[in-house]
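In what follows, a structure is listed as structure tokens, so that the remarks can point back to it.
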Amino acid sequence: MKSRGLAWLAVAGMVLAADPAAAQTSAGGASKAASGKKAPRTAWGHPDLQGVWTTDPEQAVPMERPVEYGDRAELNAAELNAREELIKKRARDDAQDRIDLGKVTGAGSRVGSGDGPEHWYEIGKSESSRTSLIIDPPNGRIPAYTEDGKKRLAKQNDKGSFRNNSTGPWDGPEDLDLRDRCITRGLPRTWFPSAYNNGFQIVQTPDTVVVYYERLHEARVIPLDNRSAPGPDVREYMGYSRGRWEGETLVVDVTNFSDKSEFYGAAENLKVTERYTRVGNAVKVEFTVTDPTTWTRPWTAMVTGYQDPEYWQIFEYACHEGNYGMTNILAGARKKEQSEAAKRKQSNP
Numbered sequence: 145m146k147s148r149g150l151a152w153l154a155v156a157g158m159v160l161a162a163d164p165a166a167a168q169t170s171a172g173g174a175s176k177a178a179s180g181k182k183a184p185r186t187a188w189g190h191p192d193l194q195g196v197w198t199t200d201p202e203q204a205v206p207m208e209r210p211v212e213y214g215d216r217a218e219l220n221a222a223e224l225n226a227r228e229e230l231i232k233k234r235a236r237d238d239a240q241d242r243i244d245l246g247k248v249t250g251a252g253s254r255v256g257s258g259d260g261p262e263h264w265y266e267i268g269k270s271e272s273s274r275t276s277l278i279i280d281p282p283n284g285r286i287p288a289y290t291e292d293g294k295k296r297l298a299k300q301n302d303k304g305s306f307r308n309n310s311t312g313p314w315d316g317p318e319d320l321d322l323r324d325r326c327i328t329r330g331l332p333r334t335w336f337p338s339a340y341n342n343g344f345q346i347v348q349t350p351d352t353v354v355v356y357y358e359r360l361h362e363a364r365v366i367p368l369d370n371r372s373a374p375g376p377d378v379r380e381y382m383g384y385s386r387g388r389w390e391g392e393t394l395v396v397d398v399t400n401f402s403d404k405s406e407f408y409g410a411a412e413n414l415k416v417t418e419r420y421t422r423v424g425n426a427v428k429v430e431f432t433v434t435d436p437t438t439w440t441r442p443w444t445a446m447v448t449g450y451q452d453p454e455y456w457q458i459f460e461y462a463c464h465e466g467n468y469g470m471t472n473i474l475a476g477a478r479k480k481e482q483s484e485a486a487k488r489k490q491s492n493p
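One rule links them: number in our numbering = place in the sequence shown (from 1) + 144.
Here you go:
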């Protein structure tokens with residue numbers, strides 16, 4: 145389903161020459177960059193955001209801040225050390241789970257379940273001391289839902305599988321989450337780091353910016369000509385994007401989402417405003433989500449894309465070709481129905 149590791153096997157014997165122009169940075173690179181400095185420029189004078197970036201260092205940062213941290217944006221040294229130990233334990237436990245399941249299935253991994261072999265996973269790469277990806281409200285948590293928003297969130301959470309412990313019913317593929325169906329992670333959900341495939345690439349021309357995500361290989365083509373949004377009859381899973389430069393920052397407005405977009409209770413009324421800023425050898429991406437029919441106020445999250453010598457390209461992500469997870473969820477639902485029908489028949493001969 146997710147096969148970054150397959151691409152690694154294909155290039156394992158290659159010897160790569162270092163590119164001095166693409167200096168690497170640690171997870172602290174963005175915060176250590178000198179403030180007030182202008183970003184490098186493209187040949188036509190725009191701030192240069194181009195490159196292959198990864199949000200791996202922020203992998204263990206929760207989207208919402210745990211309540212006990214209040215308005216505190218950073219962990220102290222002891223808390224960071226505790227998080228790192230927890231990440232290591234989680235990685236060990238996860239690896240053992242795969243070994244144990246492999247003994248049962250004979251597969252040697254979770255391939256049969258759709259979860260994939262060990263080398264697909266990148267658990268344990270977090271190096272960030274941030275307490276949440278959400279930076280506004282100050283408590284780092286999603287603001288209060290409207291009554292309609294609560295209903296839509298509950299309906300959206302009825303879909304999916306392991307993501308939200310849904311019990312179905314799964315009568316067909318349409319009952320599953322869009323991610324489980326390999327259709328889209330959606331926007332801005334695709335920005336949130338996960339256990340694998342957190343790379344993204346930015347390519348620029350004088351009048352266009354393209355953002356290409358490794359996970360599901362989704363590409364966004366963002367025009368910079370100040371055009372208006374299309375009419376309300378034009379709807380897309382990832383919305384319609386158009387951008388502009390405000391000093392050192394690329395600002396992108398995204399509207400015209402589909403009613404199937406499904407982002408934490410929001411869908412067709414969602415508006416996302418992204419702000420991309422080059423900070424040293426990193427790219428900071430802030431995104432504000434607004435939907436007064438879902439939340440009582442807008443809220444903002446931020447991720448940082450870092451350069452990494454192991455991420456010199458966007459790797460393969462073969463989802464549809466091996467989507468055993470969806471197949472097995474539906475097959476399991478049919479098996480459960482047959483079992484329940486047999487029990488009813490026994491109790492009512």
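We put the beta carbon where it would ideally sit given N, CA and C, even for glycine.
Alpha helix (DSSP H) segment containing residue i, residue limits
i, result
"A475", "Y468 to S491"
"K295", "E291 to N301"
Among the options, the one whose alpha carbon lies nearest that of residue i
i, options, result
"D280", "V196, V395 and A445", "A445"
"Y455", "S483, H190, N413 and Y340", "Y340"
"D514", "K480, L230, E412 and Y420", "Nothing in the structure corresponds to residue 514, since the chain is present only between 145 and 493."
"R323", "R422, Y356 and T334", "T334"
"S276", "E228, L474, R209 and K232", "R209"
"R371", "R488, V365, R386 and G449", "R386"
"K294", "T437, S491 and Q490", "T437"
"E291", "L474, V365 and A410", "A410"
"Y461", "E362, E406 and K181", "E362"
"D466", "P313, G189, R325 and I231", "Reading off the sequence shown, one finds Gly at residue 466, where the question assumed Asp. Selected option, being the one with the closest Cα: R325."
"K181", "N301, T471, T393 and P206", "T393"
"V205", "L474, C463, H464 and R227", "R227"
"R234", "Y213, Q203 and N220", "Q203"
"R497", "G476, I473, R441 and Y408", "The displayed coordinates of the chain run from 145 to 493. Any statement about residue 497 would go beyond what the structure contains."
"A475", "N301, V196, W314 and S338", "W314"
"I366", "R359, L360 and V355", "V355"
"Q232", "E271, N220 and V211", "First, the residue type needs correcting, since residue 232 is Lys and not Gln in the sequence shown. Minimum Cα distance to K232 is reached at E271."
"V347", "I286, R364 and T417", "R364"
"I327", "E406, K299 and F336", "E406"
"I278", "S491, M207 and K428", "M207"
"I286", "N492, Q482, C463 and V211", "V211"
"F459", "R359, A298 and L219", "R359"
"K299", "P337, K404 and G391", "K404"
"K415", "W443, R488 and D237", "W443"
"P337", "V429, K479 and E484", "V429"
Within 9 Å, strictly: CB atoms of residue i and residue j
i, j, result
"W439", "A288", "yes"
"G284", "A217", "yes"
"A187", "R422", "no"
"L193", "Y420", "yes"
"V396", "V353", "yes"
"Q457", "A426", "no"
"H190", "P350", "yes"
"Y381", "G330", "yes"
"G214", "Q345", "no"
"N301", "D200", "no"
"T198", "G424", "no"
"S273", "L224", "yes"
Below-9 Å beta-carbon distance, residue i vs any chain D residue
i, result
"K182", "In the displayed structure, chain D is absent; only one protein chain is listed."
Segment limits, beta strand (DSSP E) that includes residue i
i, result
"D280", "I278 to D280"
"F344", "G343 to T349"
"W197", "G195 to T198"
"T352", "T352 to Y357"
"V365", "E362 to P367"
Contact between the region 310 to 329 and the region 432 to 441 (3+ Cβ pairs under 8 Å): no
Three CB pairs or more closer than 8 Å across the region 372 to 387 and the region 400 to 420: yes
Every unbroken beta strand (DSSP E) within the region 383 to 449, with a cutoff of 3 residues, ordered by chain: 384 to 390, 393 to 399, 415 to 423 and 426 to 434
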